[in-house]
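Asker: I'd like to ask you about the structure that follows.
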Amino acid sequence: MKIEPNRLEIFLTKIAFSLCGKSVYQGFADRLPLNGNERVLDFGCGMGTVAYYAAKRLPNGHLTCLDISERWMNICRKTLRSFGNIIFMQCESPVFMKGSFDVVYCHFVLHDLSENELERVIPEIAKSLRSGGVFVFREPLNELGKLNIVKRLVEQNRLFPKNSRITDIPVMGNAVESVYVKQ
Ligand SMILES: C[S@@+](CC[C@H](N)C(=O)[O-])C[C@H]1O[C@@H](n2cnc3c(N)ncnc32)[C@H](O)[C@@H]1O
């Protein structure tokens with residue numbers, strides 16, 4: 420099911436990005452395990468809030484920005500227009516080649532997906548990672564039920580927990596940030 424943001428949502432996200440971009444999104448992007456030459460997927464990239472900072476850390480790699488929403492993807496193209504290392508993908512049910520990515524991250528995406536969607540999306544993300552590749556997500560701590568479903572599915576798909584921390588994000592509150600490694 421395709422869900423497009425309304426004008427208010429777009430306006431508020433743009434404000435959050437311009438006022439809190441560094442404290443909210445750059446912190447997460449800076450903690451991604453990158454050397455600069457990786458193939459990275461931003462799953463549910465929205466307007467490119469995290470991607471804007473992650474792309475700067477990939478001078479010899481590339482970042483695939485994927486979102487289900489056409490409207491968000493169009494805004495994302497504008498946010499990232501100055502970068503030459505981005506692949507844009509607007510897609511409802513992505514199917515990736517096995518081992519296409521070294522790192523996949525989701526920022527405030529998984530808690531919004533239904534259990535059925537998670538059962539489709541997480542195996543696809545796991546398949547897309549090379550062996551030794553890393554999956555990072557940050558999701559709101561108050562979505563405990565959803566977080567437990569995510570944890571179960573991630574571990575069922577041969578992704579093993581490396582570390583997990585709670586971050587207090589300005590305005591957005593507490594969130595869990597977890598790192599998994601593909602065996
Ligand atoms: C709350 S926004 C977060 C956007 C961005 N990651 C950020 O932190 O600013 C969630 C995003 O996930 C996207 N999304 C929701 N379901 C999706 C799916 N099944 N596949 C890809 N993107 C999806 C939405 O369109 C939206 O852009």
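Sequential numbering from 420 applies to the sequence shown in the working numbering. From the three backbone atoms N, C-alpha and C, an ideal C-beta is built for every residue, glycine too. Given the structure is predicted, the values throughout are model-derived calculations rather than measurements.
Would you say the beta carbon of Ile487 comes nearer than 6 Å to a heavy atom of ligand 1?
Answerer: Yes, ligand 1 has a heavy atom inside 6 Å of this Cβ.
Asker: Spatial neighbours of Pro452 within its chain, please: CB distance less than 6 Å, with the 5 preceding and 5 following residues excluded, ordered by chain position.
Answerer: Here the set comprises Val553.
Asker: Taking Met508 and Leu477 to be in contact with their CB atoms under 8 Å, please state how far apart those CB atoms are, rounded to whole angstroms.
Answerer: Contact flag wrong, Cβ pair sits at about 16 Å.
Asker: Can you give the beta carbon distance from Gln584 to Glu596, rounded, assuming they're within the 8 Å contact cut?
Answerer: The sequence given here has Arg at residue 584, not Gln. Rounded, the Cβ-Cβ distance is 5 Å, consistent with contact.
Asker: State the Cα-Cα distance for the pair Arg539 and Ala545, rounded to the nearest angstrom.
Answerer: Their backbone Cα atoms lie some 11 Å apart in a straight line.
Asker: Could you work out which residue in Gly465, Asn593, Ser550 is closest to Val528 when comparing CA atoms only?
Answerer: It is Gly465 whose Cα lies nearest to the Cα of Val528.
Asker: Using the Cα positions of Phe430 and Asp531, report the straight-line distance between them to the nearest angstrom.
Answerer: Taking the straight line joining both Cα atoms gives about 20 Å.
Asker: Helix, strand or coil: how does DSSP classify Gln602 here?
Answerer: Reduced to three states, the DSSP call for Gln602 is coil.
Asker: Sorry if obvious, but does the Cβ on Thr468 come closer than 6 Å to a heavy atom of ligand 1?
Answerer: Correct: Thr468 has its Cβ closer than 6 Å to ligand 1.
Asker: From Lys601 to Asp449, what distance separates their C-alpha atoms?
Answerer: Lys601 and Asp449: Cα-Cα distance of roughly 21 Å.
Asker: So, is Arg500 buried or exposed, given that buried needs 16 or more other C-beta atoms within 10 angstroms?
Answerer: By the neighbour-count rule (16 or more Cβ atoms within 10 Å), Arg500 is not buried but exposed.
Asker: Leu460 and Phe556: beta carbons closer than 7 Å?
Answerer: No, they are not a contact pair.
Asker: Taking its Cβ as the centre, do 16 or more other Cβ atoms sit within 10 Å of Phe436, making it buried, or is it exposed?
Answerer: Buried, since its Cβ has 16 or more Cβ neighbours within 10 Å.
Asker: Output the boundary residues of the beta strand (DSSP E) element that contains Thr586.
Answerer: Here the beta strand (DSSP E) through Thr586 covers 578 to 588.
Asker: Spatial neighbours of Cys495 within its chain, please: C-beta separation below 6 Å, excluding the five flanking residues on both sides.
Answerer: The residues are Cys464, Met466, Gly467, Cys484.
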